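**Student:**
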Amino acid sequence: MSQTSKRMFASIKFSRRRIQPIQLFKGDQRRLIRVYEKNDGDQRCTIRLKTEEMEEDVLRQLRLKDTILDYRLDDEKQLSCYLHRDSTEEDIDSQLVDLFNYLSDLFNNKTITVWLRPSQIATSPFLFSNLQFESCHFIKILSDNPDILSNDGMSRILEILKPTIAITLKCPIEENFGPRNILSLPRLYILNARWLTFDDLLNMECEIAVLRYHSFASEDVKQFINHWMAGSNPKLMHLRLHGFELEPNWDHILEGIEYGVWDKKTNKRPRNFQNRYIYSTEKIDCQNGLDFERKSDGMIGTVMHQSDWIDFFVWHDMQF
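Note that the UniProt record's numbering has the sequence shown beginning at 1, numbered continuously upward.
1. State the DSSP-derived secondary structure class of Tyr213, mapped to helix, strand or coil.
2. Since Pro21 contacts Thr113 with CB under 8 Å, what's their CB separation in whole angstroms?
3. Across which residues does DSSP place Arg117 in a beta bridge pair?
4. Is the beta carbon of Ile92 less than 9 Å from the beta carbon of Ile121?
5. Which residues mark the beginning and the end of the beta strand (DSSP E) in which Pro285 is found?
6. Which one or two residues does DSSP pair with Trp309 in a beta bridge?
7. Are the stretch 232 to 246 and the stretch 260 to 272 in contact at 8 Å, needing three or more beta carbon pairs?
8. Can you tell me whether DSSP reads Gly301 as helix, strand or coil?
9. Do Tyr279 and Gln23 have their C-beta atoms closer together than 9 Å?
10. When DSSP labels each residue in this structure, what does Lys264 get in the three-state scheme?
11. Going by Cα to Cα distance, which pick from Phe224, Pro186, Gln78 is closest to Thr197?
12. Just checking: is the beta-carbon of Asn226 within a distance shorter than 9 Å of some beta-carbon in chain B?
13. With a CB to CB cut of under 6 Å and the five nearest residues on each side skipped, what residues in its chain are close to Asn192?
14. Could you tell me the boundaries of the alpha helix (DSSP H) in which Gln95 lies?
15. Under the assumption that Arg269 contacts Gln287 (Cβ atoms under 8 Å), give the Cβ distance between them as a whole number of angstroms.
16. Do the stretch 292 to 299 and the stretch 147 to 160 make contact, defined as three or more Cβ pairs closer than 8 Å?
17. Skipping 5 residues on each side, what residues in its chain have a beta carbon closer than 8 Å to that of Glu245?
18. Tell me the rounded alpha-carbon separation between Arg117 and Phe133.
19. When DSSP builds the beta bridges, which residues end up paired with Cys136?
20. My guess is that Glu205 and Ser218 are in contact by the Cβ rule of under 8 Å, so how many angstroms apart are they, rounded?
21. Please work out which residues of its chain come closer than 6 Å, Cβ to Cβ, to Tyr189, disregarding the five sequence neighbours upstream and downstream, and give them in chain order.
22. Per DSSP, which residues does Ala166 bridge with? Please list them.
23. From the DSSP output, in three-state form, read off Asn130 for me.
24. Could you check what DSSP says for Ile173 in three-state terms: helix, strand or coil?
Shown next as structure tokens:
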């Protein structure tokens, strides 16, 4: 890529291609940068950083100092970048920085999403201090035991990257975990959510929140819906609470609230709810949901049980 002529680089740079935020993924063995075309998740280019032996049957090969880039015949949209086996953490981060900065310049897109493990927050100072990005939309922190996310680690990554849209925590967390400022982000996924209180639930500013391994029960769902009916959580569009294997007693939860089954003839809401994520859209069939109306503004709410979770939807204008 860096051997492309300046004229071709300029042609690509000013072609106004609609590019999603550039994804940077850093795991223990898996390091990659991925570029997505906007509104088409299948159109993407992936660059993988490897410290393994080079593969056979390459379509094209470029040599950049001590780095070799090759296109594999089985996937022309995937580029592998091979580094020496003895490369240090900073060597690897340096290559990730160079690749991201090049691509962000090439596609005129300085937004980023970052995926990494808790332990890499402290070991990646070169990476985070040299990425030339303007906005981070999404952070995903994922790991298995014993890699635990600490309060300090969470605070540090929030301060460095300052995500604007979403955060996903698919990792163990330390006891007394409690960075409440993440509850102001529009989208939130928390695997270990027992640290969240009912007051946190009421005060969060999320549009979409998915919580697993929490401490909430049916009575909390009842109270939450009543608070929403009174005007709380005005930004909420979708709340999903895992951990409800059996369908709850809706007559009890919706006690005092006039509700009914969905009826497409009334046209109060569509059948499907659409969650719009950064790279994709999820369509959820709400045919079996129970609907009720908030009298203060006519907003329609829907509750539904499926699999082992409860969904609560709010039908804002964007759904029609």
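Yeah, the Cβ is synthetic: ideal placement off N, Cα and C, and Gly gets one too. What you are looking at is a predicted structure, and each value in this text was computed from that prediction instead of being measured.
**Tutor:** Based on what the coordinates show:
1. coil
2. 5 Å
3. Looking at the DSSP assignment, Arg117 forms no beta bridge with any residue, so it has no partner.
4. no
5. In the sequence on display, residue 285 carries Asp and not Pro. From DSSP, the beta strand (DSSP E) with Asp285 extends over 281 to 285.
6. His242, Gln306
7. no
8. strand
9. yes
10. coil
11. Phe224
12. The structure shown contains no chain B; it holds only a single protein chain.
13. Ile173, Tyr213
14. 89 to 106
15. Contact doesn't hold; Cβ gap of about 11 Å is too wide.
16. no
17. Asp308
18. 20 Å
19. Ile112
20. Not really, about 25 Å apart at Cβ, beyond 8 Å.
21. Thr168, Val210
22. Phe138, Arg187
23. helix
24. strand
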